[in-house]
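Novice:
Next comes the structure, spelled out in structure tokens:
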């Protein structure tokens, strides 16, 4: 069972996303940061994902491309502001289809009793940008991605 | 005369900073992005500034260190998310003395009649972070910096 929560309080510029994974933090970290693993869970069920080769560390850029069966592509990019393995990543995020709308994401991973809490605060340049992201179907896309991630984790143990 | 404005509306997570410089945009861009020039205006009047060698382009890190006469140092760092010469920079910003409090800055430069409007929107992870930055004396520090920048610009023409 997924305990995904997406909280967007009225009038604020941020979204809080939490989800627990039944795996140690080290495995969740690997699945989030190794490009070959990230490509296996990130994105909608019906798309394929390419993660550009990236060393996830402070000061590096990142880019991910989703491709649909129709040949459409959706690309996302940003830079890693701060990376503290295996517990914290601060990075920027931009959907290339809406250039100029940049968000700042802070990810933290906390482990307790062999389970890991994934927590992201995503901060937007305006309430409108934030509300637009919520309205885009982000939550169902994330639910699909995280369910794939949950299934991938046991194979990494 | 400086027309510096620093606007922090109650309850929001951002600060809007505007200031006009009596110089073409290309010169303002150079003063903002060339490390040797930035070191001449950034910071308080009584400090010296070192700007680490940086190529200001999408995906690169940056770091600036201010030193007081007492030997204290104050360092700031981040990454360039997007750089569009000579009009726009999106970057992250963190004061190393308060690690983990990261802001996202969007700079735009617009030229009209040979003068350039500098505009920054700085976005904070919380209203408290934003209010803390305002209370830190940011505005008087920026006023000093920008006055030095204004004086520097004619020598670049």
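Residue numbers (this note's numbering), protein chains in the order written: chain A, 931 to 1087; chain B, 931 to 1087.
Even glycine gets a Cβ: it sits at the ideal position worked out from N, Cα and C.
The structure displayed is predicted, hence computed values, not measured ones.
For residue 993 of chain A, tell me which candidate among A:1002, A:987, A:1009 and A:978 has the shortest Cα-Cα distance.
Specialist: The residue you call residue 993 of chain A lines up with position 63 of the first chain. It is A:1009 whose Cα lies nearest to the Cα of residue 993 of chain A.
Novice: Between residue 1011 of chain B and residue 1018 of chain B, is the Cβ-Cβ spacing less than 8 Å?
Specialist: For this step, residue 1011 of chain B is matched to residue 81 along the second chain. For this step, residue 1018 of chain B is matched to residue 88 along the second chain. Contact: no.
Novice: Assign residue 1033 of chain A to one of three DSSP states: helix, strand, or coil.
Specialist: If you number the first chain from 1, residue 1033 of chain A lands on position 103. In the structure shown, residue 1033 of chain A sits in a strand (DSSP, three-state: E or B).
Novice: Contact defined as beta carbons within less than 8 Å: I believe residue 943 of chain B pairs with residue 943 of chain A. What is the distance between those atoms, to the nearest angstrom?
Specialist: Position 13 of the second chain, counting from 1, holds the residue named residue 943 of chain B. Position 13 of the first chain, counting from 1, holds the residue named residue 943 of chain A. About 5 Å separates the two Cβ atoms, so the contact holds.
Novice: Whole angstroms is fine: what's the gap from residue 1062 of chain A's alpha carbon to residue 949 of chain A's?
Specialist: Along the first chain, one-based indexing puts residue 1062 of chain A at 132. Along the first chain, one-based indexing puts residue 949 of chain A at 19. If you take the alpha carbons of residue 1062 of chain A and residue 949 of chain A, they lie about 22 Å apart.
Novice: In the DSSP assignment, find the unbroken beta strand (DSSP E) run with residue 1053 of chain A in it and report its ends.
Specialist: Looking up residue 1053 of chain A in the first chain gives position 123. Unbroken beta strand (DSSP E) run through residue 1053 of chain A: 1045-1053.
Novice: Report yes or no: is there a C-beta of chain A within less than 8 Å of the C-beta of residue 1009 of chain B?
Specialist: Position 79 of the second chain, counted from the first residue, corresponds to residue 1009 of chain B. Chain A, which has a Cβ nearer than 8 Å to the Cβ of residue 1009 of chain B, makes this yes.
Novice: Using a Cβ cut-off of 9 Å, pull out every chain A residue sitting near residue 1022 of chain B, in sequence order please.
Specialist: Counted from its first residue, the second chain places residue 1022 of chain B at position 92. Within 9 Å Cβ-Cβ: 1009, 1011, 1012, 1020, 1021, 1022 and 1034.
Novice: So, are the CB atoms of residue 958 of chain B and residue 986 of chain B less than 8 Å apart?
Specialist: On the second chain, position 28 is the one that residue 958 of chain B refers to. On the second chain, position 56 is the one that residue 986 of chain B refers to. Not closer than 8 Å, so no.
Novice: Since residue 955 of chain B and residue 1016 of chain B should fall inside the 8 Å C-beta cutoff, what is the C-beta to C-beta distance between them, to a whole number of angstroms?
Specialist: What you label residue 955 of chain B is simply residue 25 of the second chain in a count that begins at 1. What you label residue 1016 of chain B is simply residue 86 of the second chain in a count that begins at 1. With 8 Å as the limit, residue 955 of chain B and residue 1016 of chain B qualify as a contact, their Cβ atoms being about 5 Å apart.
Novice: Please identify, using Cβ separations under 9 Å, the residues of the region 936-960 of chain A that lie next to chain B, in order along the chain.
Specialist: Cβ contacts with chain B: 941, 942, 943 and 944.
Novice: Mind checking who residue 997 of chain B pairs with in its DSSP beta bridge?
Specialist: Position 67 of the second chain holds residue 997 of chain B. For residue 997 of chain B, which the question treats as bridged, DSSP gives the partners B:978 and B:1003.
Novice: How big is the Cα-Cα spacing for residue 965 of chain B and residue 981 of chain B?
Specialist: Counting from 1 along the second chain, the entry for residue 965 of chain B is found at position 35. Counting from 1 along the second chain, the entry for residue 981 of chain B is found at position 51. Approximately 5 Å between the Cα atoms of the pair.
Novice: Under 8 Å Cβ-Cβ, which residues of chain B neighbour residue 1051 of chain A?
Specialist: One-based indexing of the first chain puts residue 1051 of chain A at position 121. Residues of chain B passing the Cβ test: 1055.
Novice: Using the three-state DSSP reduction, which class does residue 1062 of chain B fall into: helix, strand or coil?
Specialist: As a first step, residue 1062 of chain B must be located in the second chain, where it is residue number 132. Looking at residue 1062 of chain B - three-state DSSP - the assignment turns out to be helix.
Novice: Could you pull the start and end residues of the beta strand (DSSP E) that residue 952 of chain A belongs to?
Specialist: To locate residue 952 of chain A, count along the first chain from 1; it is residue 22. Where residue 952 of chain A is concerned, there is no enclosing beta strand (DSSP E), given that its DSSP letter is neither H nor E.
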